[in-house]
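Its first residue numbered 1, the sequence shown is counted upward by one per residue in our numbering. Glycine is no exception: its CB is placed at the ideal position from the N, C-alpha and C atoms. A short write-up of the structure that comes next.
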Amino acid sequence: MTASESSLINNQADTGQATRQAPPPAPSEAAAAGLLNDYRRRIARYRGRIEKLPYDLRATCPKCLQPVEATFDWADPQKQQVALTYHCPDCGRSCELHQDTIWTTPSPDRTGSAETTYSGSTIAPNLRGLPRTVQTLCPDCAAIIVGRYFVRDDQVWIEKTCPDHGYVHDIINRDVRLYLKGASWSFDEQPGVENPGRRAELGCPADCGLCGRHQSSSCLANIDLTNRCN
Numbered sequence: 001m002t003a004s005e006s007s008l009i010n011n012q013a014d015t016g017q018a019t020r021q022a023p024p025p026a027p028s029e030a031a032a033a034g035l036l037n038d039y040r041r042r043i044a045r046y047r048g049r050i051e052k053l054p055y056d057l058r059a060t061c062p063k064c065l066q067p068v069e070a071t072f073d074w075a076d077p078q079k080q081q082v083a084l085t086y087h088c089p090d091c092g093r094s095c096e097l098h099q100d101t102i103w104t105t106p107s108p109d110r111t112g113s114a115e116t117t118y119s120g121s122t123i124a125p126n127l128r129g130l131p132r133t134v135q136t137l138c139p140d141c142a143a144i145i146v147g148r149y150f151v152r153d154d155q156v157w158i159e160k161t162c163p164d165h166g167y168v169h170d171i172i173n174r175d176v177r178l179y180l181k182g183a184s185w186s187f188d189e190q191p192g193v194e195n196p197g198r199r200a201e202l203g204c205p206a207d208c209g210l211c212g213r214h215q216s217s218s219c220l221a222n223i224d225l226t227n228r229c230n
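Printed below as a string of structure tokens:
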């Protein structure tokens with residue numbers, strides 16, 4: 001690019017006359033609904049795998065602290081207890097109980113809390129302790145998968161394994177005592193909304209809109225007035 005060409009482009013940019021590509025046309029309402037439904041099905045593609053035990057993933061061995069093959073399975077179905085079994089090639093096989101609301105249905109720990117939403121969906125109460133299971137998302141493809149919260153070096157970590165993109169872990173809270181103190185605060189479980197926007201079919205967040213499983217009502221409207229800032 002010559003100096004004169006560069007000067008022309010800069011002058012055009014300064015005066016708002018620089019050539020800009022036109023934005024692509026917006027999809028029709030039907031096309032947008034189709035794209036959204038395709039995305040919902042795509043992120044919920046492992047729903048069948050999540051709904052039943054056993055469930056395989058990689059998890060940090062509590063002895064050598066290395067990610068190893070592991071399996072969630074029933075420790076005692078009668079007592080609604082789920083355990084994670086570590087298959088460590090160096091430390092051997094070991095098991096650890098986990099708090100859970102994915103495969104079990106514990107009762108709320110506050111008397112009088114709602115146990116179902118207005119739409120009849122069972123409410124999964126807050127879990128207060130660690131380690132615990134968690135339904136989470138793959139950071140690469142947003143697929144709904146199972147992970148866990150656990151303690152390492154007095155910090156709260158999350159780890160999960162996507163069948164397509166592999167194992168990932170990250171810190172949730174750098175102070176486990178502060179995390180558990182916050183988790184100990186107890187509030188009534190809420191029954192959600194009486195007129196949800198959509199039926200609960202594929203699970204959170206694929207049904208977001210609000211669906212019949214949602215426990216709280218919308219509390220803040222966020223309206224974009226302009227896209228010329230931020």
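Item to check | Where L36 sits in the DSSP three-state scheme | outcome: As a first step, residue 36 must be located in the sequence shown, where it is residue number 36. Correct three-state label for L36: helix.
Checklist entry - Which runs of the beta strand (DSSP E), 3 residues or longer, sit entirely within the region 41-86? => result 55-60 and 67-76
Checklist entry - Where does the unbroken alpha helix (DSSP H) through L178 begin, and where does it stop? => result Locating residue 178 in the sequence shown gives position 178, where the first residue counts as 1. Looking at the DSSP string, the run of the alpha helix (DSSP H) that includes L178 is V176 to S184.
Checklist entry - With a cut-off of 8 Å, do at least 3 Cβ pairs link the region 35-42 to the region 58-67? => result no
Next on the checklist: In whole angstroms, give me the CA-to-CA distance for V82 and V151.
Outcome noted: If you number the sequence shown from 1, residue 82 lands on position 82. If you number the sequence shown from 1, residue 151 lands on position 151. V82 and V151: Cα-Cα distance of roughly 17 Å.
Next on the checklist: Quick check on P25: buried or exposed, where buried means 16 or more other Cβ atoms within 10 Å of its Cβ?
Outcome noted: The count along the sequence shown starts at 1 and reaches residue 25 at position 25. When all chains shown are included, P25 counts as exposed.
Item to check | Backbone CA spacing between C211 and S119 [nearest angstrom] | outcome: Counted from its first residue, the sequence shown places residue 211 at position 211. Counted from its first residue, the sequence shown places residue 119 at position 119. Between C211 and S119, the C-alpha separation is close to 9 Å.
Item to check | Proximity of A114 and P191 at Cβ, strictly below 9 Å | outcome: Against the sequence shown, residue 114 aligns to sequence position 114. Against the sequence shown, residue 191 aligns to sequence position 191. A contact, by the Cβ cut-off of 9 Å.
Checklist entry - To which residues does DSSP link S94 through a beta bridge? => result Stepping through the sequence shown from its first residue, residue 94 is reached at position 94. S94 pairs with Y86.
Item to check | Three-state class that DSSP yields for Y149 in the structure shown | outcome: Taking the first residue of the sequence shown as 1, we reach residue 149 at position 149. Y149 falls in the strand class under three-state DSSP.
Checklist entry - What residue from G112, P139, A143 and D109 has the CA that sits closest to R45's CA? => result Position 45 of the sequence shown, counting from 1, holds the residue named residue 45. Residue A143 is the option with its Cα nearest to R45.
Checklist entry - What is the DSSP secondary structure of E201, counted as helix, strand or coil? => result Within the sequence shown, the letter at position 201 stands for residue 201. Coil at E201, not helix or strand.
Item to check | Limits of the beta strand (DSSP E) - the one that D170 falls within | outcome: By 1-based counting over the sequence shown, the position of residue 170 is 170. Here the beta strand (DSSP E) through D170 covers G166 to N173.
Checklist entry - Between which two residues does the beta strand (DSSP E) containing V193 stretch? => result Counted from its first residue, the sequence shown places residue 193 at position 193. Where V193 is concerned, there is no enclosing beta strand (DSSP E), given that its DSSP letter is neither H nor E.
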